[in-house]
Amino acid sequence: MSADSVTVRLLALMHRQSNVASRTTLLGLGCPARVIDAALAAGLLTCLRRGLYASAGADLDQRRAGTLGGRLTCVSALRRQGIWAGHDPRLHVFLSRAPSPERLAAASLLGRDPTQRRNRTWFEADAGQPRIHWSRPSSHSVLRPADTEDWRTSTLDSLRQAMTCMDEENALAAVDSALRLGFITTDDLDDLFGALPKRLQMLYGLIDPRADSGQESIVRLRLIRAGFRVEPQVPVPGSSALDLLIDGLIGLEIDSNQWHGDDEQIRFDFDKTLRSQESGTPCLRIRYWHVFGDWPRTLRTITRAVEDARYMLLGREFAGRGGQTWHD
Ligand SMILES: [Zn+2]
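Residue numbers (the working numbering): -3 to 324.
As C-alpha cells, this is what we get:
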C-alpha cells in the first residue's frame, strides 16, 4: 500500500473520531505508530497535548479542551449535539488535574468569532476563562462510558454535569431535549437521577419528551409553577398540535427563529392560530424574547387570557341554564 493511501486511511480514521483522537485510540484501531508519526511530521496531525492529536477539521472547542488536558463536557458537549444547553457561552471542560497557568491563559484567549451569531451549527464557546468541571478519579461516576470519546464525556455524563451546572428550568429542558432527540432513553433516567443531587430529584416527575424545544420545556415548567395545568402537544383540527394547552382553555405557541422564519411556515403558523380559535380554543403566540426577555409581562398576559376564557365559559354555562343563578 502506498504512503499516500495509508495517510488517507489515517485521515479518514480521524474524521470518524470527530477529528480528535488519542494515540492509544489510533493504535487500537490498527493504525501503525510510524504512520501517526509521519502524519505529525508532515503537519497533517497536530499534537494538542502529549498523546492527543487533532486533524484539520477539529474545531476551536475541541482544541481548547484538548490543550487544557481535558474533554468537553456539560453544555459545551450537549450544544454541539443539538441538545438544549441554556445560554452560558463559556467553554465547559472536564478535568481531573489542574492545567498549567500558561495553558489556561492560552486557552482563555481563544474563542468564538464575536461577529458570528451562535446557532445550531456554530456552537463554539466564547473566549474567556473556561468553566472547569473537576472530578477526582475516586469520586467520578462515568455514566455510559462506551459513549465517551477522547475529546468529550459521554452524553449521559455531560447531561449529568449540565443539570448540576444550569438552573432547574434549563436542566429540565436539557433532559427533555436529550430524550426527544434519542440521545438517551427512559431506561437511562434512573441512572441519571441516581447520580444527581437531592435538590434535583423533583425534576424527574416533570420530564416530558413531547416538548418540541427547550423554550417549550421552560415555559411549561414556569406555568406549572405559576399554578396552571399544562398539557403539551394538543391536536388542533386541520393543523399540527398546539405546543401547550393551559388549563384546557388557552393554547400557547412558542416560536423559535429556526423553524418559523420562511413565508410558508409563517402562513402555516397563522393558520393554526385561526383554526384553534375556530375550534373554540383561543391561542397566544410568543417568541424567544417573550420567554427570556419579558417573561413577567408574558405571564400576566397568559394569566389574563386564561381568566377571560374561564369567565366566558362560565357565562355560556349560565346562559345555557336559562339565565338561572347558581343559587336557584
Ligand atoms: Zn458546566
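All C-beta atoms in this analysis are idealised placements derived from N, C-alpha and C, irrespective of residue type, glycine included.
What you are looking at is a predicted structure, and each value in this text was computed from that prediction instead of being measured.
CA-to-CA distance, residue j to residue i, given in whole angstroms
i	j	result
Pro133	Ile79	Caution is warranted here: a pLDDT of 49 is assigned to Pro133, below 50, making its placement in the model unreliable, and no coordinate value can be reported.
Arg86	Ala50	22 Å
Leu100	Ala121	15 Å
Ala35	Arg108	28 Å
Trp322	Leu309	Caution applies to Trp322, whose pLDDT of 45 falls short of 50 and renders its modelled position unreliable; the value that the coordinates give is listed next. Cα-Cα distance, rounded: 14 Å.
Thr269	Glu98	56 Å
Trp291	Ile282	10 Å
Ala94	His129	11 Å
Ser131	Arg195	20 Å
Glu313	Ile262	35 Å
Leu7	Gln211	39 Å
Ala29	Cys43	14 Å
His11	Cys279	47 Å
Residue i: first and last residue of the uninterrupted alpha helix (DSSP H) it sits in
i	result
His286	Tyr284 to Phe288
Ser272	Asp259 to Glu274
Ile79	Unbroken run through Ile79: none, as it is neither H nor E.
Proximity of residue i and residue j at Cβ, strictly below 7 Å
i	j	result
Leu219	Leu168	no
Ser18	Gly47	yes
Thr69	Thr160	no
Phe119	Arg59	no
Ile250	Asp243	no
Thr277	Gly316	no
Asn15	Gly53	yes
Ser213	Asp265	no
Val31	Val4	no
Among the options, nearest to residue i - alpha-carbon criterion
i	options	result
Leu175	Gly311, Leu74 and Gly66	Leu74
Ala103	Gln112, Asp163, His88 and Pro110	His88
Asp184	Asp143, Leu44, Asp267 and Leu240	Asp143
Ser252	Val215, Ser272 and Gly311	Val215
Gly234	Leu217, Tyr200 and Arg271	Arg271
Asp146	Phe314, Ala61, Gln261 and Glu164	Ala61
Gly82	Arg195, Glu164, Phe266 and Glu260	Glu164
Ala170	Leu241, Leu41, Arg30 and Pro205	Pro205
Pro126	Ser72, Asp172 and Val2	Ser72
Leu245	Val302, Asn166, Leu192 and Asp208	Val302
Where the beta strand (DSSP E) through residue i begins and ends
i	result
Ser90	It should be noted that the sequence gives Phe, not Ser, for residue 90. Run containing Phe90: His88 to Leu91, per the beta strand (DSSP E) assignment.
Cys43	Thr42 to Arg45
Glu249	Ile246 to Asp251
Ala50	Leu48 to Ala50
Ile128	Arg127 to Trp130
Original post:
Should the region 228 to 240 be regarded as contacting the region 186 to 202, the criterion being three or more beta carbon pairs within less than 8 Å?
Top reply: Contact check between the region 228 to 240 and the region 186 to 202: fewer than three CB pairs, one atom from each, fall below 8 Å, which does not count as touching.
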